[in-house]
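Please read the structure below before turning to the comments.
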Amino acid sequence: MSNSSSPAGGLDPLEYYALLKLADAPGIVPGQGPTCKYVQTPLAPINASTPFWSCPAGNYCISPRHVQACPPGFYCPANTAQPMYCCAGYYCSKDTKTLTICPQNHYCPTGSVDGGTSCLWLASCPAGSSSASKFGLVIFVLVFIVVICIVFWVHKRLQRVKNHHLEKRLRWIHNHNLQHDNPLMVDEAELEREDDDDDESEGTKSNDQVIQIEADDKTPNSDGTAAGKPKRPVLKRKITRVTHTFDIEFEHLGLTLSNGTSILQNVSGVLRNGRTCAIMGPSGSGKTTLISMLTSKIPKDEGRILINGQEEDLSHYRKLIGYVPQEDIMMRELTVDDILLHSAYMRLPANLKRSQMTEKVLEIVDFLGLNSVMDSVVGDAERRGISGGQRKRVNIGMELVTDPSILFLDEPTSGLDSSTSGDVCRLLKSIARRKGLTVAAVIHSPSPVAFDQFDDLLLLGHGGRVVYHGPRTEAPLYFAAIGFPIPKESSPSDFYMDVISNNVKSNITKKFKPFYLHRYWDSYCKRAQCFYADSKSGVDYKHPSPHNTRPTSPNPLARTSAYASMNESAMSFHQHSHSETLPMTTLNDKLASASSSPSTLHPSAASTSNLNKGHGRQKSVSMAQGPSPSAPRSGVSTPRASMAISDFHSMYDSPPLPEHLTWFETLQRTIRIFFIDSRMWWSGVFAETKETVLGLFLKRKDPIRNTASPLMMFWLCLSRARLQIYRNQRQFLYDQLLHLGCGMFISIAASKFDYVGSQPDLVCAMTPFQLKYTCSKPTDHLTEVGVFISLGVCFAGISVGAMTFGNEKIVYWREKSSGLLTLPYYLAKVIADIPRIILAGLMFSISLIIFFNERSNYVYLLFIIIMLYAVAFAMGYLLSALVPQARVALVGTGFTLAWAIVFSGDAPDLADVMDSGASAGYKAASWIWVISAPRYAIEAIYLKEVQARPWQEIESQPLAHTYELGQFWWCFQAMACILLGWHVLAFICFKLKDRSKQK
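For the sequence shown, position 798 matches number 798 in UniProt numbering, and the numbering has no gaps at all.
Here you go:
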């Protein structure tokens, strides 16, 4: 080996290193601080052939001929052979000559200069500390949580005072509306007579109606006998009648899918104000589709809809329509009065004063019997709240407080017991009669008590064809006429469903097929007085008034004769066309026997057979079926026409065959449906944008009903969002614990990560060749710290942010269909989350610095984390709009790993991605790193941390990952732009996705 390469004369390198030794740093008092040593030159010869030399302080001398100034961050006392990092627990002077123990209230990591780093408030830093003991921050966190609890408590007290005023006002309304001699004992017959009197006294009533609500408990007769039906206490309550009433006629409605499947076929009928209509049928018969078609949520292929005699779109009156979904869709963490007041403020006319709106809400609360639970939380499966029946009443009340003229309900009795479902249907009947509402309910398997509360019945069979539509009380007569008399002990609603499902044998023929029912009805409409109300009712639809709201009905005896004629003709046909028929008593015989013994028929049919009796008048019953496909378009057909046998031949030959389309016809239909759906989709999008702009800037008023402006919607949604946070205190505290936990885990993982400068070039020249590159590079783990922080923040932020919209997405869909504008709602929720984002950043950063010793100013770290949390929340908003809530956690985890690791700029290295000679894959995807918020957050953390360190190469050499000093605020600006981009994407997704559910 050549001696010229040895650092000291001609010594062998091994002999050279044997001359060096570690010595205690001068001036260190044993026991008063951590140990500190440096590499000392040989000061005396070991033998005559070994060299020795000295070195001045502030320099290091690897040989007598090599004297180099010691770089900052190193310690070089006199006679230093190789520079050593300034020892932990001490700080060095800038000239590197002196070493001083770290003073109290400071901590000095490796390489500290000029007094070390100040301890934070509540941190413990005794003399000689190399790190800060920050467990005192736990006390701050506990105190902070106590303060939050106090704020919640104060808010709860204020809310209780507000509720006390509402309850006081509600008690006054309740006592004012009750009769002084209440409760009154009124039996069923009197209630029926009171219903009959409505038709005669309609023109003399004012808009303020008195509602008779039957109490839930059943009481025996006053005489104590068990005979007859029990009498019920009746509470007479005042409720305001609607100013606009609607009769909805629909004629020959049809809907066919692109594959030729028919959902609805030739459905005709009428829904009248002041009456309730039950829509029933097996699964897939198009019940909900019919409601959606009437409200223009889905387009119709054929047919027309008339509103008060005029053909127009019912969606024009969207603000006058109430729709009660099957599920009780509402904010479960809010109280009953919170929900009802918000619904009223959003949808009642804007010219009403807030006190007037509140008065309407209290009126509905009293009417629905929700007085005792007005300030109770609705609750859900995890949090106990009000009962299922009360929640159903709240669901209905959300629409009633908006003073609608039309009320559609989807399965209002689902999930309720028979008693509660009967109360709900009885309530709907009272609402329709007294307020003048048009009420239609899709109902499945109602109890007999609930079914008896409906005035009209619309039965749909398989394939979306009408099986029966008319007064509920006449349905038994009709089904008896076509060979299906109702057994006395059977439930009528269940019996009708069994008939449609072919689970009941016909009394006319053994070869009955379910599709016969559709043709029975088409044939019947040729004989009975099936017409649209504007043909015979005498109602002036162009000038509706409270005195002229219910169309009169044809003579029920005409329909009874049609039943008998149809029954006889059907039997005659089957006797000619089939060898086997079952014995059957004609309907005329049944009616004759019913007149002497009403109990021989089902109760509902028996009551209809006695129409001629009592008080010398007939009960007026409405028939609500429009003309059949074969009936004249005028809406009137010849009553009581005899039925030809040839008519039955065409009726019973074969079922209707499905439409078979060629591939070209299928393509044509698919393209047509696509363009229709696209047009409706985009028209809905631009219609809302237009409404927002007109309401916000031009103050344009809605001619139908001018409700809350966009600014008022924003304020109401903001108030509700804040209220949700206050109401859900447990979830709020859980969120803070999540942020604290994530910060603590990252703090433990990053506790040993640091940035230590590289060795001087002369020292690296002495290292083995394989280690020269490592020696010349700093020990840099700050990027990993940024990656860990991004992982924790994105994971916690996405998880919490996704709950902002995800937990109430179905509530948004419901309110959107009622006129809610997306922009005010979205901005209100985002602004309400700002305090949560700031608190999340504070909790995370506090727990982060417990074990991770930051060298930069804590405020900069806090701002970076808050900005990154804001981006993570926006990511959560987007994911909650795109994927179901149950999958947000899984997708959010993948989202976090992608953005916080792959696109962080650490691995793969940002320098490799942005290099001009990078691979084609990196070049094509390099834009993803440009829009990565974690990449800029990591860079900002890195820049502030390295600037707080004294190493010389920070200023003289390029930084890792193409980072540049002075780019800190540019990183902040980039994160702000990216935050805005995520919000724009989230808003667009909320606005455009699931459009069909927002109608």
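Quick reminder that beta carbons are idealized off the backbone N, C-alpha and C, glycines included.
What you are looking at is a predicted structure, and each value in this text was computed from that prediction instead of being measured.
- In this structure L120 is not in contact with A81, their Cβ atoms being roughly 39 Å apart against a cut-off of 8 Å.
- By the neighbour-count criterion, in which a residue is buried when 16 or more other Cβ atoms sit within 10 angstroms of its Cβ, N503 is exposed.
- For H155, no pairing in a beta bridge is given by DSSP.
- Cβ atoms of P45 and A88 stay farther apart than 8 Å, at about 34 Å.
- V336 sits close to V394, with the two beta carbons spaced by under 8 Å.
- Counting the other Cβ atoms within 10 Å of the Cβ of K297 gives 16 or more, which makes it buried.
- In this structure, the CA atom of L43 is about 25 Å from the CA atom of T100.
- Counting only unbroken stretches of 3 or more residues, the beta strand (DSSP E) elements lying wholly within the region 42-103 are 59-63, 66-69, 80-82, 90-92 and 99-101, in sequence order.
- Considered as a whole, the region 366-449 harbours 388-400 and 418-435 as its complete alpha helix (DSSP H) runs of no fewer than 4 residues, in chain order.
- The Cβ neighbour count for V859, taken over all protein chains shown within 10 Å, is under 16; the residue is labelled exposed.
- No Cβ-Cβ contact shorter than 8 Å links V424 with A432.
- Its chain contains P710, M713, F714 and C717 as the residues whose beta carbon lies nearer than 7 Å to that of P824, once the 5 sequence neighbours on both sides are disregarded; these appear in chain order.
- Scanning I798, G27, L320 and L253 for the CA closest to the CA of L738 turns up I798.
- Here F250 really is in contact with G269; their C-beta atoms are around 6 Å apart, less than 8 Å.
- The beta-bridge partner set that DSSP reports for K37 consists of D24.
- Ranking R318, K513 and P448 by CA distance to the CA of E489 puts P448 first.
- Annotated as proximal: L314 and L294, with beta-carbon spacing under 8 Å.
- In this structure, DSSP gives M357 a helical state, which the three-state scheme calls helix.
- A straight line joining the alpha-carbon of W927 with that of P934 spans about 14 Å.
- The alpha-carbon separation between D735 and T804 amounts to approximately 12 Å.
- Under DSSP, V113 shares a beta bridge with C92.
- Remark: C-beta atoms of L370 and G389 do not approach each other more closely than 8 Å.
- Approximately 14 Å separates the beta-carbon atoms of E945 and Q967; this is outside 8 Å, ruling out the contact.
- Contact between L965 and L985 does not hold, since the beta-carbon distance rounds to 33 Å and is not under 8 Å.
- In the structure shown, the three-state DSSP call for R332 is coil.
- Sequence-distant partners of S501 (beyond 5 residues in either direction) whose C-beta falls short of 7 Å from its own C-beta, in its chain, are P282.
- For H244, no beta strand (DSSP E) encloses it, and the DSSP letter there is neither H nor E.
- In the DSSP assignment, I307 falls outside any alpha helix (DSSP H) and lies within the beta strand (DSSP E) extending over E302 to I307.
- In the three-state DSSP reduction, N163 falls in the helix class (H, G or I).
- Approximately 19 Å separates the beta-carbon atoms of V67 and K94; this is outside 8 Å, ruling out the contact.
- For secondary structure counted as the beta strand (DSSP E) over 3 or more consecutive residues, the region 820-884 holds no complete run.
- Contact fails between the region 339-358 and the region 131-143, because fewer than three Cβ pairs, one in each stretch, are under 8 Å apart.
- With contact defined as three or more Cβ pairs closer than 8 Å, the region 504-519 and the region 461-479 are in contact.
- The beta carbons of V871 and W982 sit closer together than 8 Å.
- H961 carries a helical assignment under DSSP once its states are collapsed to helix, strand and coil.
- Within the DSSP bridge table, the entry for F250 names G269 and I305 as partners.
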